[in-house]
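Asks: One structure, pasted below without further comment.
Numbering (the UniProt record's numbering), first residue to last: 1 to 197.
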């Protein structure tokens, strides 16, 4: 979060990461908004869509936090964390976000993710375990061979099938629209309890 991309020197031409001093005023953006906007949910969607059209500034670390002080149907305010994909994958960025939070029930406790409790294992059934392991290996070999043959066939002469969700040539330049859905915490707890977690 404190590094920016710089050009390499005359011997090493590729771009590389370089430590820099972070000025939070360059990264935390709080636009002046009219609190009486007619359709605040639509405004937030359009705001996020417009963010995708502009690249991040390479002269500073590749992240921004946009705080929208606008009341939507789901929240009193909205924060949009915009970060370049080179900073990390989804799991590492989720871990980073989790590390920045605390439980309201115990603010001093470090954040944690609950793990599913495993049933106690018994050592009986050694033959079945061996049979399942051999079956799993045979299926792995078969599926790998099928995938290799399909890959070669598609690479040489087969075309992808035309489906309604397949984009046309140049679709990557279209305006992106981000649609979100807020899920109730009670619904999440219901799923958690149904899965015995």
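The beta-carbon is built from N, C-alpha and C at its ideal position, and this holds for glycine as well.
Can you tell which of 69, 64, 108, 115 has its C-alpha closest to the C-alpha of residue 4?
Replies: Taking the first residue of the chain shown as 1, we reach residue 4 at position 4. The shortest C-alpha separation from residue 4 is found at 64.
Asks: Should the region 54-69 be called in touch with the region 92-105, which here means at least 3 C-beta pairs below 8 Å?
Replies: Too few Cβ pairs lie closer than 8 Å, so no.
Asks: Applying the 10 Å Cβ sphere with the 16-neighbour rule, what's the burial state of residue 61?
Replies: Taking the chain shown and counting its residues from 1, the one referred to as residue 61 is at position 61. Result: buried.
Asks: To the nearest angstrom, report how far apart residue 38 and residue 46 are at their CA atoms.
Replies: Here residue 38 refers to the residue found at position 38 of the chain shown. Here residue 46 refers to the residue found at position 46 of the chain shown. Rounded to the nearest angstrom, the two C-alpha atoms are 13 Å apart.
Asks: Does the distance from the C-beta atom of residue 49 to that of residue 177 stay below 8 Å?
Replies: Residue numbering aside, residue 49 sits at position 49 when the chain shown is read from its first letter. Residue numbering aside, residue 177 sits at position 177 when the chain shown is read from its first letter. Result yes, Cβ atoms of residue 49 and residue 177 sit closer than 8 Å.
Asks: Residue range of the beta strand (DSSP E) that residue 82 falls in?
Replies: Here residue 82 is taken as the residue at index 82 of the chain shown, counted from 1. Note, residue 82: beta strand (DSSP E), 78-83.
Asks: Taking buried to mean at least 16 other C-beta atoms within 10 Å of its own C-beta, is residue 40 buried or exposed?
Replies: For this step, residue 40 is matched to residue 40 along the chain shown. With 16 or more other Cβ atoms within 10 Å, it is buried.
Asks: Inspect the beta-carbon positions of residue 1 and residue 116 and report whether they are closer than 8 Å.
Replies: Within the chain shown, residue 1 is the residue found at index 1, counting from 1. Within the chain shown, residue 116 is the residue found at index 116, counting from 1. Result no, Cβ atoms of residue 1 and residue 116 do not sit closer than 8 Å.
Asks: State the start and end residues of the unbroken alpha helix (DSSP H) segment that holds residue 95.
Replies: Position 95 of the chain shown holds residue 95. It spans 90-99 - the alpha helix (DSSP H) in which residue 95 sits, taken as one unbroken run.
Asks: What residue ranges within the region 13-43 form continuous beta strand (DSSP E) runs of no fewer than 3 residues, ordered along the chain?
Replies: Listed in chain order, they are 16-19.
Asks: Over what stretch of residues does the beta strand (DSSP E) that includes residue 65 continue unbroken?
Replies: Residue mapping note: residue 65 aligns to position 65 of the chain shown, counting from 1. Residues 63-68.
Asks: Please report the distance separating the alpha-carbon of residue 134 from that of residue 164.
Replies: Start at 1 with the first residue of the chain shown, and residue 134 comes out as number 134. Start at 1 with the first residue of the chain shown, and residue 164 comes out as number 164. Each residue's alpha carbon lies about 40 Å from the other.
Asks: Check for me: the alpha helix (DSSP H) holding residue 6 runs from which residue to which?
Replies: Numbered from its first residue, the chain shown carries residue 6 at position 6. Residue 6 -> not in any alpha helix (DSSP H); beta strand (DSSP E) instead, spanning 3-6.
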